[in-house]
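Undergrad: Sharing a structure here in structure tokens format.
Numbering (this note's numbering), first residue to last: 155 to 376.
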């Protein structure tokens, strides 16, 4: 995407049934059947209803969507809402018409995200450092010290930016790190160690709790 750190995606659900969206620390601006929606940050797997039709999304880099959309992340935690619940109806009608008139919904939605982002300041470097550090497996306390933030201040900033505290963010990023390693074909025991889990049992518990399935099932091996 032309929006720093964001990813534009398109998905057409199959008739096979529901899909599964895993926690990743992100929020999405969505387009579906001519409507604009927002997906808040997840603390567990979101099982889609397999609604027919093309879905298009702009997945914002972790911590950046609240400034663009004008809403604290924790207010949308584990929720999907119409954009009209967050912004004036007349504005949303105008924005929706602009996306619907684009040659492709994906290009129209990306252009909308760019327009919304243009009205905000530069991304918060502190939040980006937090995501990078926790994504690399750094301890929360050590990262807070690096940033010069107390525990309460860091928790408050995290709630607004990510929808949950830094410890939950670290768990979500660790899950994504483990999934990436496992998809490369690493044995689960090695995946656990390299991703920062205490052991394979710890990995299994976190995957089941956050994703709702066993790791092998997620990877199509179970």
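Using N, Cα and C, we set each Cβ at its ideal position, and we do this for glycine too.
1) Is residue 284 closer than 8 Å to residue 297 when the C-beta atoms are compared?
2) Excluding the 5 residues preceding and the 5 following residue 224 in the sequence, name in chain order all residues of the same chain whose CB lies nearer than 8 Å to its CB.
3) Given 8 Å as the limit, is there contact between the region 208 to 222 and the region 259 to 274, that is, 3 or more CB pairs closer than that?
4) What residue range is occupied by the uninterrupted alpha helix (DSSP H) comprising residue 241?
5) Within the same chain, show all residues whose beta-carbon is closer than 8 Å to that of residue 309, passing over the 5 residues directly before and after it, in chain order.
6) What does DSSP give as the partner residues of residue 200 in its beta bridges?
7) Mind checking whether residue 316 and residue 195 have CB atoms under 8 Å apart?
8) Going by other Cβ atoms of all chains shown within 10 Å of its Cβ, with 16 needed for buried, is residue 294 buried or exposed?
9) Which ranges would you report for the alpha helix (DSSP H) in the region 266 to 344 if only whole runs of at least 4 residues count?
10) Let me make sure I understand the geometry here. Which of 176, 181, 175, 174 has the alpha-carbon closest to that of residue 161?
11) Using the beta-carbon count (16 or more within 10 Å), is residue 218 buried or exposed?
12) Do you know offhand how far residue 289's Cα is from residue 271's?
TA: Let me lay it out:
1) In this structure, residue 297 lies near residue 284, with their beta-carbon atoms less than 8 Å apart.
2) Taken in chain order, the residues that qualify are 240, 241.
3) Yes: at least three Cβ pairs fall under 8 Å.
4) Taken as a continuous stretch (DSSP letters only), residue 241 belongs to no alpha helix (DSSP H), as it is neither H nor E.
5) Counting only Cβ-Cβ distances below 8 Å, and skipping sequence neighbours, we find 319, 320.
6) The secondary-structure analysis by DSSP pairs residue 200 across a beta bridge with 175.
7) Cβ distance < 8 Å, so residue 316 and residue 195 count as in contact.
8) Of the residues assessed, residue 294 falls on the buried side of the cut-off, its CB having 16 or more other CB atoms within 10 angstroms.
9) The DSSP assignment places 279 to 289, 294 to 301, 305 to 316, 320 to 337 as complete runs of the alpha helix (DSSP H) inside the region 266 to 344, in order along the chain (cut-off: 4 residues).
10) It is 181.
11) Burial of residue 218 is indicated by the presence of at least 16 other C-beta atoms within 10 angstroms of its C-beta.
12) Residue 289 and residue 271: Cα-Cα distance of roughly 24 Å.
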